[in-house]
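Chemist: Quick one: the structure is below, and I'll ask about it shortly.
4 protein chains.
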Amino acid sequence: MPYRSTDTTRQKKDHKRTAMMQAAVRVFAEKGYHEATVRDVVSAADVAIGTFYFYFPDKETLFIHLYEETADFLVRTLQQAIANRATLVQQLQAGIQAYVNIALFEPAVVQLLLIGGVGAARSLQQKRADFREALVALWQAPLQIALEKGQIAPQNIRRTAEALVGAFDEVVLNLLGAPAPEVEAAIAVKEMAQFALRAVAYKG
Amino acid sequence: MPYRSTDTTRQKKDHKRTAMMQAAVRVFAEKGYHEATVRDVVSAADVAIGTFYFYFPDKETLFIHLYEETADFLVRTLQQAIANRATLVQQLQAGIQAYVNIALFEPAVVQLLLIGGVGAARSLQQKRADFREALVALWQAPLQIALEKGQIAPQNIRRTAEALVGAFDEVVLNLLGAPAPEVEAAIAVKEMAQFALRAVAYKG
Amino acid sequence: MPYRSTDTTRQKKDHKRTAMMQAAVRVFAEKGYHEATVRDVVSAADVAIGTFYFYFPDKETLFIHLYEETADFLVRTLQQAIANRATLVQQLQAGIQAYVNIALFEPAVVQLLLIGGVGAARSLQQKRADFREALVALWQAPLQIALEKGQIAPQNIRRTAEALVGAFDEVVLNLLGAPAPEVEAAIAVKEMAQFALRAVAYKG
Amino acid sequence: MPYRSTDTTRQKKDHKRTAMMQAAVRVFAEKGYHEATVRDVVSAADVAIGTFYFYFPDKETLFIHLYEETADFLVRTLQQAIANRATLVQQLQAGIQAYVNIALFEPAVVQLLLIGGVGAARSLQQKRADFREALVALWQAPLQIALEKGQIAPQNIRRTAEALVGAFDEVVLNLLGAPAPEVEAAIAVKEMAQFALRAVAYKG
DNA sequence: TATGAATGAGAATTCATTCAT
DNA sequence: TATGAATGAATTCTCATTCAT
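Residue numbers (the working numbering), protein chains in the order written: chain W, 1 to 204; chain S, 205 to 408; chain E, 409 to 612; chain G, 613 to 816.
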């Protein structure tokens with residue numbers, strides 16, 4: 001009976017592929033693009049080195065892909081958190097909460113995006129710029145609306161959004177470096193939201 | 205004249221050493237730790253590769269040293285800018301202005317600190333943490349004083365300082381990536397200062 | 409009906425096996441032994457890689473086998489062309505014509521034998537030597553007869569045969585590299601025959 | 613006292629470079645381009661693998677260079693042998709003798725050119741074509757002159773030259789494969805010359 | 001029979017580092 | 001001090017081959 005590829009095999013392959021990608025995210029997040037070797041990745045996934053090249057064309061391509069996918073995931077998650085809220089206050093709280101949640105439960109995501117990819121392949125630079133831009137745009141939109149509604153003081157919305165993105169990143173990274181992030185998380189979210197509301201001069 | 209001779213020698217030595225360190229900052233800032241090779245550095249400094257190992261024990265040590273020195277320079281420069289001002293408003297403006305000045309005139313400094321060292325040797329992590337901590341402390345001090353004077357709203361000063369540090373970094377990096385940073389610099393400084401004043405709820 | 413079933417199976421088997429061998433000849437002829445991968449072969453034959461190893465023990469064995477078979481085919485074809493002719497003149501013309509025909513209509517055969525196998529496995533060296541020897545023997549026989557009949561000048565028949573074999577190969581390869589081989593073929597055949605007749609000092 | 617590069621060092625470097633190239637020629641000639649590894653070459657030269665890449669950019673470049681140089685050497689040697697002779701008879705004898713001499717005393721040269729490079733890098737194909745063309749041109753010139761002088765029968769000089777080149781190669785390769793080439797060499801040269809003279813229908 | 005996922009030995013190449021001069 | 005030739009561990013990637021299904 002010949003080999004059937006449509007049955008369990010396909011699923012298994014997808015499964016293994018996913019497992020390898022998750023292992024790769026962990027490794028890249030921990031060591032960064034350059035320090036992480038393909039051998040590290042396959043060790044983490046417990047497969048042979050040839051298997052890596054069966055699933056992915058090369059280290060760089062995989063990394064870029066992972067970075068894009070991870071960035072997409074983060075941005076979309078924040079976007080959804082924001083989109084479901086009516087007021088700027090709620091949007092900030094929800095967005096920040098979502099970011100912190102990801103940092104707590106999928107720290108590799110945040111580490112990969114904020115650390116793992118710095119100094120990686122030149123072709124990543126554009127992806128990185130796109131990601132940062134998406135984050136800025138994410139906050140720019142609700143701020144713009146709030147501005148038009150007169151809920152916040154006149155200001156360069158674009159610059160404010162940039163600053164907030166940087167502020168959130170820094171606080172989240174510090175949170176991850178803290179001894180007990182999950183304990184501190186709730187208060188950190190609240191403080192970041194207050195910081196942001198003050199920073200945009202929200203007229204509550 | 206042994207003294208003179210020694211003096212000349214030391215100058216020569218210092219000259220080469222200095223040239224290599226300056227070259228190294230540029231190269232590391234541009235390519236990042238891993239992409240930059242020792243050969244890149246000695247080529248830029250126009251010395252032989254053996255000379256590198258006469259002056260420095262290895263690539264990593266030099267990088268760490270450079271990172272520390274650069275971080276020190278940045279922190280001290282900001283510190284001086286802040287220390288010379290009496291009010292929080294002036295301190296923020298002067299500190300931000302100093303940061304932007306460095307970014308404009310010594311972009312390698314900022315790039316080395318914010319980008320070049322990410323994912324470098326594990327032993328850099330502590331230095332990096334120290335640097336971030338110093339930046340936070342830099343702003344924490346005046347904020348604390350302002351808080352005690354009742355000039356700003358009650359808040360977690362530490363968290364606010366973290367957020368401001370992240371905000372300034374992000375805006376400065378965006379500024380460096382802009383087509384004409386020097387043109388935009390002045391307005392950016394003003395906007396960042398306003399952002400910061402709002403964020404701390406300064407009671408002007 | 410077991411017979412029918414077996415028959416179908418064998419045909420199927422032969423079909424795939426044949427397809428792979430034909431594909432292999434093409435691929436080896438085009439890329440040479442080392443550049444050609446097993447994957448190239450199975451792709452060209454449109455079967456899976458595992459199928460290759462069901463029919464053939466390994467790449468080298470297949471190549472050797474193909475080389476032998478191809479060499480056999482070439483030698484036998486020339487042999488038949490020669491055997492059907494009565495005079496040396498006719499034999500040379502027919503033999504050369506047959507060679508050129510193969511080169512034109514089955515260029516892969518010639519390329520495999522003259523190019524594809526050079527530098528391949530060490531175990532091929534003997535096969536290659538055998539092939540060259542067969543070619544030499546091919547021409548040596550009629551030359552010997554002609555010599556005995558006094559139709560050609562006294563000479564070292566063996567050496568002459570070697571030289572002719574080399575001469576024919578070179579001209580045929582040049583022909584294959586020409587812009588329009590088929591156009592030039594007829595005149596080339598005639599010229600090669602004349603060359604050969606002069607070279608053996610045929611007393612027409 | 614600083615390192616002086618102009619003295620012995622330069623010579624040593626050149627010497628080592630040459631030694632490595634000679635080792636490479638031997639290895640490439642014996643195993644062919646693909647079978648020969650860089651490790652084989654450095655083993656033969658008794659240096660570390662890094663040394664290879666200090667002297668040469670990569671395996672392919674070195675091989676191409678070696679091939680070109682070797683082809684040049686062979687062609688020039690034959691050219692000189694021919695140029696120094698007045699009559700076609702002498703030219704053929706001298707040229708063939710020179711070829712056989714090289715085959716006997718520098719067999720690697722002949723092996724590299726006739727065997728080692730087949731199926732190597734695609735970029736070699738042009739070099740190989742150039743080499744074959746140079747060989748053909750080598751014999752075409754004296755033949756053309758002889759034809760104009762009426763010393764040989766009318767014929768397609770180009771084709772004759774091709775055939776002779778192929779004939780000489782084949783005989784020389786067979787000679788190298790013989791048990792005692794040096795013994796057979798003298799008679800082989802004479803027989804090849806006679807073959808050639810007959811083939812061009814030389815009117816002695 | 002047939003498949004294709006999985007393997008791992010082996011090849012090319014890079015680069016930090018050493019050391020004789 | 002200064003040089004740069006020399007080293008070799010480590011990395012990425014290929015590809016013939018195996019084997020569970």
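Glycine included, every Cβ here is placed at the ideal spot set by N, Cα and C.
Quantities reported herein were computed from a predicted structural model and do not represent experimental measurements.
If the cut is a Cβ gap below 9 Å, which residues of chain E does G/D670 touch?
Modeler: Position 58 of the fourth sequence, counted from the first residue, corresponds to residue 670 of chain G. Ordered by position in chain E, no residue passes the 9 Å Cβ test against G/D670, which lies about 17 Å from the chain.
Chemist: If we require 4 or more residues per run, which alpha helix (DSSP H) segments fall completely within the region 459-512 of chain E?
Modeler: 467-491
Chemist: Out of E/A609, E/E541, E/Q559, E/E599, which one is the CA nearest neighbour of E/V483?
Modeler: Position 75 of the third sequence holds residue 483 of chain E. Minimum Cα distance to E/V483 is reached at E/E541.
Chemist: Could you pull out every residue in the same chain whose Cβ sits closer than 6 Å to the Cβ of E/A506, ignoring the five residues on either side in sequence?
Modeler: In the third sequence, counting from the first residue as 1, residue 506 of chain E sits at position 98. Taken in chain order, the residues that qualify are T485, L486, A489.
Chemist: Output the distance between the C-alpha atoms of S/A367 and W/G166, rounded to the nearest integer angstrom.
Modeler: Reading the second sequence from its first residue, position 163 is the one you call residue 367 of chain S. Reading the first sequence from its first residue, position 166 is the one you call residue 166 of chain W. One alpha carbon belongs to S/A367, the other to W/G166, and they sit about 7 Å apart.
Chemist: For S/R243, would you say it is in contact with chain W, using Cβ-to-Cβ distances shorter than 8 Å as the test?
Modeler: As a first step, residue 243 of chain S is located in the second sequence; it is residue number 39 there, counting from the start. It does not; no Cβ of chain W falls within 8 Å.
Chemist: Cα separation between E/A432 and G/A732?
Modeler: Walking along the third sequence from the start, residue 432 of chain E turns up at place 24. Walking along the fourth sequence from the start, residue 732 of chain G turns up at place 120. E/A432 and G/A732 have their C-alpha atoms some 19 Å from each other.
Chemist: Mind checking the region 754-778 of chain G against chain E and listing, in chain order, the residues whose C-beta falls within less than 8 Å of any C-beta there?
Modeler: A765, Q767, N768, R771, T772, E774, A775, L776, V777, G778
Chemist: Is the region 218-225 of chain S in contact with the region 251-266 of chain S, if contact means three or more CB pairs nearer than 8 Å?
Modeler: yes
Chemist: With a 10 Å radius around its C-beta and 16 neighbouring C-beta atoms as the bar for buried, classify E/F513 as buried or exposed.
Modeler: Counting from one through the third sequence, the residue named residue 513 of chain E turns up at place 105. Label assigned to E/F513: exposed.
Chemist: Using a Cβ-Cβ cut-off of less than 9 Å, give me the residues of the region 671-691 of chain G that come near chain E, in sequence order.
Modeler: Flagged: no residues at all.
Chemist: Hey, would you say G/L726 sits closer than 8 Å to G/D781, going by beta carbons?
Modeler: The count along the fourth sequence starts at 1 and reaches residue 726 of chain G at position 114. The count along the fourth sequence starts at 1 and reaches residue 781 of chain G at position 169. Yes, these two residues count as a Cβ contact at 8 Å.
Chemist: If we ignore side chains and look at the alpha-carbon of each, how far apart do G/A720 and G/I661 end up?
Modeler: Stepping through the fourth sequence from its first residue, residue 720 of chain G is reached at position 108. Stepping through the fourth sequence from its first residue, residue 661 of chain G is reached at position 49. So the two alpha carbons sit approximately 23 Å from each other.
Chemist: When you check each C-beta in the region 698-711 of chain G against every C-beta of chain E, which residues fall closer than 8 Å?
Modeler: none
Chemist: Could you tell me whether the Cβ atoms of G/I764 and G/Y814 are closer together than 8 Å?
Modeler: For the purposes of this step, residue 764 of chain G is taken as residue 152 along the fourth sequence, with counting starting at 1. For the purposes of this step, residue 814 of chain G is taken as residue 202 along the fourth sequence, with counting starting at 1. Taking 8 Å as the Cβ cut-off, G/I764 and G/Y814 qualify as a contacting pair.
Chemist: Quick check on G/P791: buried or exposed, where buried means 16 or more other Cβ atoms within 10 Å of its Cβ?
Modeler: Start at 1 with the first residue of the fourth sequence, and residue 791 of chain G comes out as number 179. When all chains shown are included, G/P791 counts as exposed.
Chemist: Is any beta-carbon of chain W found at less than 8 Å from that of S/D373?
Modeler: As a first step, residue 373 of chain S is located in the second sequence; it is residue number 169 there, counting from the start. Yes - at least one Cβ of chain W is within 8 Å of the one on S/D373.
Chemist: Quick one: is G/I799 buried, meaning 16 or more other Cβ sit within 10 Å of its Cβ, or exposed?
Modeler: For the purposes of this step, residue 799 of chain G is taken as the residue at position 187 of the fourth sequence. Counting Cβ neighbours within 10 Å, G/I799 comes out exposed, since fewer than 16 surround it.
Chemist: At a Cβ threshold of 8 Å, is S/A403 touching chain W?
Modeler: In the second sequence, counting from the first residue as 1, residue 403 of chain S sits at position 199. Yes, S/A403 lies at the interface with chain W (some Cβ there is under 8 Å from its Cβ).
Chemist: Would you report the Cα separation of G/R629 and G/T673, rounded to the nearest angstrom?
Modeler: Looking up residue 629 of chain G in the fourth sequence gives position 17. Looking up residue 673 of chain G in the fourth sequence gives position 61. Their backbone Cα atoms lie some 14 Å apart in a straight line.
Chemist: Would you grab the beta carbon distance between W/A103 and W/L175 for me? Rounded to a whole angstrom, and I think it's under 8 Å.
Modeler: Here the question's residue 103 of chain W lines up with position 103 in the first sequence. Here the question's residue 175 of chain W lines up with position 175 in the first sequence. With 8 Å as the limit, W/A103 and W/L175 qualify as a contact, their Cβ atoms being about 7 Å apart.
Chemist: How is the alpha helix (DSSP H) around S/T241 delimited, first residue to last?
Modeler: Locating residue 241 of chain S in the second sequence gives position 37, where the first residue counts as 1. Note, S/T241: premise wrong, no alpha helix (DSSP H); not H, not E.
Chemist: Does any C-beta atom of chain W lie closer than 8 Å to the C-beta of S/E386?
Modeler: Residue 386 of chain S sits at position 182 when you count from the first residue of the second sequence. Cβ-Cβ to chain W under 8 Å: no for S/E386.
Chemist: Measuring alpha carbon to alpha carbon, tell me which of G/L785, G/I676, G/A811 ends up nearest G/Q738.
Modeler: Along the fourth sequence, read from residue 1 onward, the residue named residue 738 of chain G stands at position 126. Taking only the C-alpha atoms, the option nearest G/Q738 is G/I676.
Chemist: Taking 8 Å as the cut-off, decide whether the C-beta atoms of S/L377 and S/L316 are in contact.
Modeler: Start at 1 with the first residue of the second sequence, and residue 377 of chain S comes out as number 173. Start at 1 with the first residue of the second sequence, and residue 316 of chain S comes out as number 112. Not in contact: S/L377 and S/L316 (Cβ atoms no closer than 8 Å).
Chemist: Of all the residues that make up the region 521-544 of chain E, which are near chain G by a beta-carbon distance shorter than 9 Å?
Modeler: Taking 9 Å as the Cβ-Cβ cut-off, the region 521-544 of chain E approaches chain G at L522, I523, G524, G525, V526, G527, A528, A529, R530, A537, R540, V544, given in chain order.
Chemist: For a contact defined as C-beta to C-beta under 7 Å, what are the partners of S/E395 on chain W?
Modeler: Locating residue 395 of chain S in the second sequence gives position 191, where the first residue counts as 1. Here the neighbours are N156, R159.
Chemist: For E/V526, which residues in the same chain have their Cβ closer than 6 Å to its Cβ, ignoring the five residues on either side in sequence?
Modeler: Taking the third sequence and counting its residues from 1, the one referred to as residue 526 of chain E is at position 118. Within the same chain, no Cβ atom closer than 6 Å to the Cβ of E/V526 is found once the five residues on either side in sequence are excluded.
Chemist: Note the first and the last residue of the continuous alpha helix (DSSP H) segment covering S/R362.
Modeler: Your numbering for residue 362 of chain S matches position 158 in the second sequence. From DSSP, the alpha helix (DSSP H) with S/R362 extends over 361-381.
Chemist: Rounding to the nearest angstrom, what Cα-Cα distance links E/V435 and E/L532 in this structure?
Modeler: To locate residue 435 of chain E, count along the third sequence from 1; it is residue 27. To locate residue 532 of chain E, count along the third sequence from 1; it is residue 124. Going from the Cα of E/V435 to the Cα of E/L532 covers about 18 Å.
Chemist: Is any beta-carbon of chain G found at less than 8 Å from that of E/H442?
Modeler: For the purposes of this step, residue 442 of chain E is identified with residue 34 of the third sequence, where counting begins at 1. It does: the Cβ of E/H442 has a partner Cβ on chain G nearer than 8 Å.
Chemist: Name the DSSP beta bridge partners of S/I356, please?
Modeler: For the purposes of this step, residue 356 of chain S is identified with residue 152 of the second sequence, where counting begins at 1. The partner list for S/I356 (beta bridge, DSSP) reads S/Y406.
Chemist: Can you tell me which of G/P793, G/A773, G/E796, G/G789 puts its alpha carbon nearest to the alpha carbon of G/A811?
Modeler: The count along the fourth sequence starts at 1 and reaches residue 811 of chain G at position 199. Checking every option, the nearest Cα to that of G/A811 belongs to G/A773.
Chemist: Note down the Cα distance separating W/V47 from W/E30, rounded to an integer number of angstroms.
Modeler: For this step, residue 47 of chain W is matched to residue 47 along the first sequence. For this step, residue 30 of chain W is matched to residue 30 along the first sequence. Straight-line Cα distance between these residues: approximately 19 Å.
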